[in-house]
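First the structure, in the form of structure tokens, and then the observations on it.
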Amino acid sequence: MTVHTDYLWFNTKKPQEILRITDEVAGIVAASGVREGIVLVSAMHITAGVYVNDWESGLIADIQDWLEKLAPAGVDYRHHQTGEDNADAHLKRTILGHQVLLPITSGALDLGPWEQVFYAEFDGRRRKRVVVKVLGIP
Amino acid sequence: MTVHTDYLWFNTKKPQEILRITDEVAGIVAASGVREGIVLVSAMHITAGVYVNDWESGLIADIQDWLEKLAPAGVDYRHHQTGEDNADAHLKRTILGHQVLLPITSGALDLGPWEQVFYAEFDGRRRKRVVVKVLGIP
Amino acid sequence: MTVHTDYLWFNTKKPQEILRITDEVAGIVAASGVREGIVLVSAMHITAGVYVNDWESGLIADIQDWLEKLAPAGVDYRHHQTGEDNADAHLKRTILGHQVLLPITSGALDLGPWEQVFYAEFDGRRRKRVVVKVLGIP
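As structure tokens, this is what we get:
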């Protein structure tokens, strides 16, 4: 059994940004030598998410608008009594999810025709990490 | 270490449908020979979900009504400028989740008394797949 | 490959309660002897969740208030025709998620600076379990 670990670093220019990371994850899987197994892709910061959905700019904007409606900024959250102002970012990433597990079959990510992996930043402009952990057999 | 892969195919008659798949997943686990490990059950299409909850028709209808409230159809989503009309399906599956990981202990799914696995279709009437990936030891 | 299984039991005094379980999970990982791998932490009851977020009492209260808004109690859910009164608990745990997968690197949980694991009870005052499944290599 092979276990291979790597990290992706992000430092977005905007407070909120959604970035496709499918190719970066596929590169780490290739480097691991695993041909049958799984790969965990998990945000290590609690105001960011990782999710699988469509690579279509309209839908990405829809997702951002929709999260703003379900978990709005500018509300008087209790969390802000600590001096923080990002409670909404914690809630947005809760809806979206912060990790996905992708199957690896015959040496490649075993994804459906439209599946793409995204990093979703909700409190950016600082260095943040995603852990990528590959498990399987060569 | 054993890694075993299989797929479940769906082609629902209705646009939205929720189907119990616990037995199908258990059958794939039995075929894998894995007695200690995990099984990933993950929708390969981005307008479908996979989740664990109660096998009770009232609750299943509640879940569908509730998702319609949180992620309504009939809204002027940006995604629809591409010619698609299913943005709400992408959002509904986001709340519900698109994958679960089930533990395998002593050769069987290690589920709580009421845990059942479901496939949730939000844009049906076409062929769609769920990947089932078993990892563990015999 | 090592596969190690343990369970955490809960019996909360209040119907709703959020409990930090990072140390309990870390203890099970240490007992497993796994130094490179993953650990699945999954609620076995369908009115409870497991999630990763901030260990800050204000945010924990914000999460509870927010879930109450998105999935309110006191609504005439169809599920209640069975005699149950906890449909909202099933929905709350759906938003929050019922399982997380944590990476294990160099013998320890490989978590970001603020990541903590929580058990979220939405229908408490009864004995409930979380399964903890460790997979990896020593």
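Protein chains in written order, with our numbering: chain A, 210 to 347; chain B, 210 to 347; chain C, 210 to 347.
Glycine included, every Cβ here is placed at the ideal spot set by N, Cα and C.
These numbers come from a predicted model, not from an experiment.
Under 7 Å, do Gly246(B) and Arg287(C) count as touching if we go by C-beta distance?
Annotated as distal: Gly246(B) and Arg287(C), with beta-carbon spacing of 7 Å or more.
Using a Cβ-Cβ distance under 7 Å, would Asp271(C) count as near chain A?
Yes, contact with chain A.
Can you confirm whether the stretch 315 to 324 of chain B touches the stretch 250 to 270 of chain C when touching is taken to mean that 3 or more C-beta pairs between the two stretches lie within less than 8 Å?
Taking 8 Å as the limit for Cβ pairs, the verdict is that the stretch 315 to 324 of chain B does touch the stretch 250 to 270 of chain C.
Per-residue DSSP class, three states only, for Lys222(A):
Shown here, Lys222(A) sits in coil according to DSSP, grouped into three states, outside any helix or strand.
If we define contact as Cβ-Cβ less than 7 Å, is Lys342(B) a contact residue for chain A?
Look at Lys342(B): its C-beta is under 7 Å from a C-beta on chain A.
Since Thr221(C) and Glu293(C) should fall inside the 8 Å C-beta cutoff, what is the C-beta to C-beta distance between them, to a whole number of angstroms?
With a Cβ gap of about 18 Å, Thr221(C) and Glu293(C) do not count as contacting.
Just by C-beta distance, which residues in the stretch 292 to 323 of chain B are closer than 9 Å to chain A?
Identification of residues in the stretch 292 to 323 of chain B having a C-beta nearer than 9 Å to some C-beta of chain A yields Glu293, Ala296, His299, Leu300, Arg302, Thr303, Ile304, Gly306, His307, Gln308, Leu310, given in sequence order.
Starting from Ser266(B) and walking both ways along the alpha helix (DSSP H), at which residues does that stretch end?
Run containing Ser266(B): 266 to 279, per the alpha helix (DSSP H) assignment.
Pull up the distance between the alpha-carbon of Val243(C) and that of Met210(B), whole angstroms please.
The alpha-carbon atoms of Val243(C) and Met210(B) are separated by roughly 15 Å.
By alpha-carbon positions, which one of Ile272(C), Lys278(C), Val238(C) ends up nearest to Thr314(C)?
Minimum Cα distance to Thr314(C) is reached at Val238(C).
Does the ligand ZN have a heavy atom nearer than 6 Å to the CB of Thr314(C)?
Ligands displayed in this structure: none; no statement on the ligand ZN is therefore possible.
Please confirm whether Val340(B) and Val234(B) have their CB atoms less than 7 Å apart.
Not a contact, by the Cβ cut-off of 7 Å.
Within 8 Å of chain C by C-beta, residues of the stretch 225 to 256 of chain A in sequence order:
Against chain C - using a Cβ distance shorter than 8 Å - the residues of the stretch 225 to 256 of chain A are Leu249, Ser251, Ala252, Met253, His254, Ile255.
I'd like the span of the alpha helix (DSSP H) that includes Ala235(A), first residue to last.
First-last of the alpha helix (DSSP H) with Ala235(A): 231 to 241.
Looking at the structure shown, is Asp297(A) part of a helix, part of a strand, or coil, going by DSSP?
Helix.
Could you have a look at Thr256(A) and say whether DSSP puts it in helix, strand or coil?
It is coil, neither helix nor strand.
What span of residues does the beta strand (DSSP E) with Ala329(B) cover, start to end?
Its beta strand (DSSP E) spans residues 325 to 330.
Our contact map puts Ile304(B) next to Ala282(B) with C-beta atoms below 8 Å; I'd like the distance itself, whole angstroms only.
With 8 Å as the limit, Ile304(B) and Ala282(B) do not qualify as a contact, their Cβ atoms being about 14 Å apart.
For Ser251(C) and Leu217(C), what's the separation of their Cα atoms in angstroms?
In this structure, the alpha-carbon of Ser251(C) lies about 10 Å from that of Leu217(C).
Spell out whether any CB of chain B is found under 7 Å from the CB atom of Gly258(A).
The C-beta of Gly258(A) comes no closer than 7 Å to any C-beta of chain B.
What number of angstroms, rounded off, separates the C-alpha of Ile227(A) from the C-alpha of Tyr328(A)?
Answer to the nearest angstrom: the Cα atoms are 6 Å apart.
Which residue marks the beginning of the beta strand (DSSP E) containing Thr314(B), and which one marks its end?
Start and end: 308 to 314.
How would you list, in chain order, the residues of chain A whose beta-carbon sits under 9 Å from the beta-carbon of Glu277(C)?
Correct list: empty, because the minimum Cβ distance to chain A is about 13 Å.
So, using beta-carbon positions, are Gly345(B) and Val212(C) closer together than 7 Å?
When the beta-carbon positions are compared, Gly345(B) and Val212(C) come within less than 7 Å of each other.
Counted within 10 angstroms of its Cβ, other Cβ atoms place Gln308(C) as buried (16 or more) or exposed:
Its Cβ being crowded by 16 or more others within 10 Å, Gln308(C) is buried.
Per-residue contacts from Thr214(C) into chain B (C-beta, under 8 Å):
By Cβ distance, chain B contributes Glu245, Pro312, Thr314, Asp319.
Does chain A have any CB closer than 7 Å to the CB of Asp263(C)?
Taking Cβ atoms only, chain A reaches closer than 7 Å to Asp263(C), which makes this a yes.
Enumerate in chain order the residues of its own chain whose CB-to-CB distance from Asp332(A) is below 6 Å, with the five nearest sequence positions on each side excluded.
Exclusion of the five residues before and after Asp332(A) leaves Thr256, Asn295, Ala298 as the residues of its chain whose Cβ lies within less than 6 Å of its Cβ.
Buried versus exposed call for Asp271(A) [16 or more other C-beta atoms within 10 Å across all chains shown]:
If you draw a 10 Å sphere on the C-beta of Asp271(A), you find 16 or more other C-beta atoms in it, and that means buried.
Using alpha carbons as the reference points, say which of Asn262(B), Thr231(B), Trp275(B) lies closest to Asp285(C).
Of the listed residues, the one whose Cα sits closest to Asp285(C) is Trp275(B).
Please confirm whether Arg287(A) has its beta-carbon closer than 7 Å to some beta-carbon of chain C.
Answer yes: the Cβ-Cβ gap between Arg287(A) and chain C drops below 7 Å somewhere.
Would you kindly check if the distance between the Cβ of Leu318(C) and the Cβ of Leu310(C) is under 7 Å?
In this structure, Leu318(C) does not lie closer than 7 Å to Leu310(C) by Cβ.
Gln290(C) at chain B interface by Cβ criterion, 7 Å:
Cβ-Cβ to chain B under 7 Å: yes for Gln290(C).
Range covered by the beta strand (DSSP E) that runs through Arg338(C)
Its beta strand (DSSP E) spans residues 337 to 346.
Going along chain C in order, which residues have a C-beta closer than 7 Å to the C-beta of Arg334(A)?
Chain C residues near Arg334(A): none, gap ~17 Å exceeds 7 Å.
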